[in-house]
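One structure is given here, and the rest of the page talks about it.
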Amino acid sequence: AWGRPPLEGLPELREWFARGIGGAVTAAEVLIAAGGQSALATALRALAPAGAPVLVESPTYPGMLDLARAAGLRPVPVPVDRDGVRPDLLADAFRATGARAFVCQPLFQNPTGAVLAPDRRAEVLRIARASGAFVIEDDYVRRLAHADAPPLPRPLAADDPDGVVVHVGSLTKATSPSFRVAALAARGPVLERLRAIQVVDSFFVPRPLQEAALELVGSPAWPRHLRSLSAELAVRREAMAGALALHLPELTVSHIPFGGFHLWLRLPEGITEPALIAAALRAGVSVTPGRAYFSAEPPAAHIRLSFAAVASTGEIAEGVRRLRAAYDEVR
121 AWGRPPLEGL
131 PELREWFARG
141 IGGAVTAAEV
151 LIAAGGQSAL
161 ATALRALAPA
171 GAPVLVESPT
181 YPGMLDLARA
191 AGLRPVPVPV
201 DRDGVRPDLL
211 ADAFRATGAR
221 AFVCQPLFQN
231 PTGAVLAPDR
241 RAEVLRIARA
251 SGAFVIEDDY
261 VRRLAHADAP
271 PLPRPLAADD
281 PDGVVVHVGS
291 LTKATSPSFR
301 VAALAARGPV
311 LERLRAIQVV
321 DSFFVPRPLQ
331 EAALELVGSP
341 AWPRHLRSLS
351 AELAVRREAM
361 AGALALHLPE
371 LTVSHIPFGG
381 FHLWLRLPEG
391 ITEPALIAAA
401 LRAGVSVTPG
411 RAYFSAEPPA
421 AHIRLSFAAV
431 ASTGEIAEGV
441 RRLRAAYDEV
451 R
């Protein structure tokens, strides 16, 4: 059990991730990685040299911005609306910067919760292909769709016959922060670049961890766990959305997502992020400042609220009531 596994990962686990992506993706095109953050770091280093621009959604996950900067890259923002990244602005950004990579979360984007609209999916791939660029698809939350979610779109990688997409998927969000098992999937010569960088950075994912992942996803308890998680997330989302509508209608929710574990809120004019966050902390509520999600100057003040790390819907309601008190303190 403690012997060295294949550097690319256990074949059975690579096959499981490939099936999850779908399309023509095979196990031979999958590398097992030590968590989604590590996989994203490998992809960024493989696809763009230090000093190069990399296109990112705006707003986007702060950890991804940190990864890009740590790799010596220059994040260039491309605005996202309720239907995902805007293809016209993506094309403009490729032309203006000559970037060779675009990082996106097409499904339940962090922080907005947006799902890339069907008519934009093919357009994003077409634009990247025409620009000689790659799309790094951070499919971070596919297993956290809510119980009332409509059928999910396939990963972009499943509809990419040309090797434009580098797909990142992970087990961490649906299991535990300590369960660092993820996968990179790519086609063509870029796969060897990914493999070479991953071997240097992390060598391999420990065999016992990969074996544990296989045992977990092969167990009858795995689909039951996902169903339970899906149902609970839907209940918590509704609890938070309802409490906000009742107690804080002044805050604008971008939209109510059917996946993930957070809501993205725009603050009214005159309410600043630092003041509200400080008042919320004094009231015993932790919220995330929106500024961290932008690689350039934000268009407005925002906060992100999570409904994952609470014990119950009662705590969600109490948290929103306390946030109301904090809001009244600073307005």
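Numbering of the sequence shown is given in the numbering used here, commencing with residue 121 and proceeding in unit increments.
We put the beta carbon where it would ideally sit given N, CA and C, even for glycine.
Considering just the uninterrupted stretch of the beta strand (DSSP E) at residue i, what are its terminal residues?
| i | result |
| --- | --- |
| Phe137 | Element bounds for Phe137: not the beta strand (DSSP E) but the alpha helix (DSSP H), 131-141. |
| Leu387 | Neither: Leu387 is in no beta strand (DSSP E) and is coded neither H nor E. |
| Ala303 | 302-305 |
| Ala221 | 221-224 |
How is residue i classed by DSSP in three states: helix, strand or coil?
| i | result |
| --- | --- |
| Thr146 | coil |
| Gly105 | Outside the displayed span of the chain (121 to 451) sits residue 105, for which this structure offers no information. |
| Ile256 | strand |
| Pro125 | coil |
| Thr433 | helix |
| Glu177 | strand |
| Leu425 | strand |
| Gly289 | strand |
| Ile152 | strand |
| Thr162 | helix |
| Pro326 | coil |
| Phe214 | helix |
| Val261 | coil |
| Val405 | coil |
| Gly379 | strand |
Nearest CA to the CA of residue i: which residue from the options?
| i | options | result |
| --- | --- | --- |
| Val223 | Val319, Arg344, Val176, Ala166 | Val176 |
| Thr295 | Ser415, Leu346, Val355, Pro131 | Leu346 |
| Pro369 | Leu396, Leu387, Leu185 | Leu387 |
| Ser298 | Gly140, Ala395, Ala148, Gln157 | Gln157 |
| Leu396 | Arg307, Ile376, Val440, Ser350 | Val440 |
| Ala305 | Val407, Val200, Val255, Trp384 | Val255 |
| Ser415 | Ala365, Gly252, Pro173 | Pro173 |
| Arg442 | Val407, Glu417, Leu164, Ala431 | Val407 |
| Arg202 | Gly183, Pro226, Val430 | Pro226 |
| Asp279 | Pro270, Glu257, Asp268 | Glu257 |
Could you check how far apart the C-beta atoms of residue i and residue j are, in whole angstroms? I think they sit under 8 Å.
| i | j | result |
| --- | --- | --- |
| Leu151 | Ala303 | 7 Å |
| Pro195 | Leu185 | 5 Å |
| Arg220 | Ala253 | 5 Å |
| Asp259 | Gly308 | About 19 Å; that fails the 8 Å criterion. |
Beta carbon of residue i, beta carbon of residue j: below 8 Å?
| i | j | result |
| --- | --- | --- |
| Arg263 | Leu272 | no |
| Val310 | Ala166 | yes |
| Leu236 | Gly204 | yes |
| Gly379 | Phe137 | no |
| Gly218 | Gly192 | no |
| His375 | Ser426 | no |
| Trp384 | Thr146 | no |
| Leu364 | His266 | no |
| Leu127 | Leu164 | no |
| Ala359 | Ile423 | no |
| Ala154 | Arg300 | yes |
| Thr392 | Ala412 | no |
| Leu210 | Val200 | no |
| His367 | Arg451 | no |
| Glu149 | Leu334 | no |
| Pro207 | Glu243 | yes |
Over what stretch of residues does the alpha helix (DSSP H) that includes residue i continue unbroken?
| i | result |
| --- | --- |
| Val355 | 341-367 |
| Gly183 | 182-190 |
| Val320 | 310-322 |
| Pro418 | Looking at the DSSP string, Pro418 is not in any alpha helix (DSSP H), and its letter there is neither H nor E. |
| Pro238 | 238-250 |
Quick one: does the C-beta of residue i sit closer than 7 Å to a heavy atom of the ligand ZN?
| i | result |
| --- | --- |
| Gln318 | This structure simply doesn't include the ligand ZN, nor any ligand for that matter. |
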